[in-house]
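Asker: Chains as they are written, first to last, in the working numbering: chain Y, -5 to 174; chain P, 849 to 1040.
#1: If residue 863/P sits next to residue 31/Y, beta carbons under 8 Å apart, how far is it from one beta carbon to the other, in whole angstroms?
#2: Cβ of residue 70/Y less than 9 Å from any chain P Cβ?
#3: What do you get for residue 64/Y, buried or exposed, if any count of 16 or more other CB atoms within 10 angstroms of its CB means buried?
#4: Does chain Y have any CB closer than 9 Å to the CB of residue 1020/P?
#5: Measure the CB-CB distance between residue 73/Y and residue 29/Y and report whether it falls below 9 Å.
#6: Considering just the uninterrupted stretch of the alpha helix (DSSP H) at residue 29/Y, what are its terminal residues?
#7: Ignoring anything shorter than 3 residues or poking outside the segment 60 to 92 of chain Y, list the beta strand (DSSP E) runs there in chain order.
#8: Nearest CA to the CA of residue 1003/P: which residue from 82/Y, 71/Y, 61/Y and 113/Y?
#9: What residues from the segment 25 to 39 of chain Y come within 9 Å of chain P, judged by C-beta to C-beta, listed N to C?
#10: Please confirm whether residue 873/P has its beta-carbon closer than 9 Å to some beta-carbon of chain Y.
#11: Whether or not the segment 871 to 887 of chain P and the segment 11 to 27 of chain Y are in contact is what I'm after, with contact meaning three or more pairs of Cβ atoms, one per stretch, closer than 8 Å; do they touch?
#12: Given that residue 860/P touches chain Y, what residues does it touch there, using C-beta distances under 8 Å?
#13: In terms of alpha-carbon separation, which member of 167/Y, 49/Y, 1/Y and 142/Y lies closest to residue 67/Y?
#14: Return no unless some Cβ of chain P is closer than 9 Å to the Cβ of residue 1/Y.
#15: Taking residue 34/Y as the reference, which of 999/P, 876/P, 889/P and 963/P has the closest Cα?
So, in structure tokens, the structure goes:
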């Protein structure tokens, strides 16, 4: 058995060496409450997709754990895996997003009506590329060079996507009367 | 870590709004069980988890490692060993593993199994044009999954091999795409 505060690396070594389920569960519970909302936001609030991505992320992580060199934190590493997997899901296209409050499916595009939305819902309605860059920059705090590396895009593209994302977001959030 | 050189900086209230977004959310409880079950199924957790000090089994990841190592040696022109004509692949490999008692014997068996694997895939390729029922796709999938499993085992043997890591990354990517499409297409592969 393991204490809940055992370091990530110790838990990971137990998983690789012994297939230790209790060690895995500690690691899972330590990181998934951060991983899940991140993936959910990247995917625009589609809970079923987010659950699938989180599951795939842990499977890929468990497979690759023997190769992980611990040059970054475990959290950074697994968030990177999750981001890549989420982007694969988005690239498949034909997704819809679900508002967290209503459970309703709406197209992944800015809503046609100018009703004021809360920030979370507005982010969910952004196009995938805008949303991903905005989340990484404005919510997770990554720099453009870091985003460029993670998403394999040019730094200029990252800046441009962020500019358009913020502009779209502001337009979605502004009250009706300001648009007249 | 926020950049200061963007041309449309966030206002203080916008920064506050982003900072106020919750960073934590408890996932559905059933998800943990789903993940654990999936890892058990892949023998990454639980009783079937792979251990470096385990004795080799007749079938499974160790055999896959033998196949991949044999493939590499075959490709480099150093493959040798005996062709066990008339025997099924599984029988041949199983029998070989059972009599392996030292690294030299095990290495020979790796080469034999690798040669067998390459011949089987080459034969499948020769017959590809005559496929009418999707068996070629099943065979291709079987070959790819075996190669992936072998790469995983080889990565455990040589964790510092950068080329191997690259190969593994590509196979992981491909496995992800295959898993996505698997739900749409019926499988004909029978694993034994």
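Each residue gets a CB set at the ideal place from its N, CA and C atoms; glycine is no exception.
Answerer: Straight from the coordinates:
#1: Contact doesn't hold; Cβ gap of about 19 Å is too wide.
#2: By this cut-off, residue 70/Y is not an interface position.
#3: exposed
#4: yes
#5: yes
#6: 15 to 36
#7: 90 to 92
#8: Here the closest residue by C-alpha is 61/Y.
#9: 26, 27, 28, 29, 30, 31, 32, 34 and 35
#10: Closer than 9 Å: yes.
#11: yes
#12: The contacting residues do not exist; residue 860/P stays about 13 Å from chain Y at best.
#13: 1/Y
#14: No, residue 1/Y lies away from the interface with chain P (no Cβ there is under 9 Å from its Cβ).
#15: 876/P
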